[in-house]
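Visitor: Before I ask anything, here is the structure I am working with.
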Amino acid sequence: MKAQQRVARRWDDARETRQALHPCYAFQPGNDVREYAAELAVRYFREQSAMLAKKPLAKPAFKCGPQENALAFRLFVDEFFDGVDRTPACP
Numbered sequence: 008m009k010a011q012q013r014v015a016r017r018w019d020d021a022r023e024t025r026q027a028l029h030p031c032y033a034f035q036p037g038n039d040v041r042e043y044a045a046e047l048a049v050r051y052f053r054e055q056s057a058m059l060a061k062k063p064l065a066k067p068a069f070k071c072g073p074q075e076n077a078l079a080f081r082l083f084v085d086e087f088f089d090g091v092d093r094t095p096a097c098p
């Protein structure tokens, strides 16, 4: 496995949607707020879908990461989903 692939796998949590030939991260320099918002939408969809299907989350909820994640997620959910978040509270 190439070094670039190992790094990409390590940072897969930061970006789950990949472009065809190379990884693209929502949080890399040069990406604007739309890329970050799209990533939040994907995480929201996956986490809420798992909760509705009564399945465990594949990985810890996005909001349970760094403080910045919690704030961004709360603002996103409040603005676009009327505050509805079915994921359990963070430990």
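Counting along the sequence shown from 1, when you hit position 82 you're at 89 in the working numbering, and nothing is skipped either side.
By construction, the Cβ of each residue, glycine as well, lies at the ideal position given by its N, Cα and C atoms.
My understanding is that PHE69 touches ARG41, with C-beta atoms under 8 Å, so please give their C-beta distance in whole angstroms.
Guide: Contact doesn't hold; Cβ gap of about 17 Å is too wide.
Visitor: Does the distance from the C-beta atom of LEU59 to that of ARG93 stay below 9 Å?
Guide: yes
Visitor: With DSSP collapsed to three states, give me the class of LYS61.
Guide: coil
Visitor: Please classify LEU78: is it buried, with 16 or more other beta-carbons within 10 angstroms of its beta-carbon, or exposed?
Guide: exposed
Visitor: What residues in its chain sit with their C-beta under 7 Å from that of LEU47, if we drop five residues either side in the sequence?
Guide: ALA79, PHE80, PHE83
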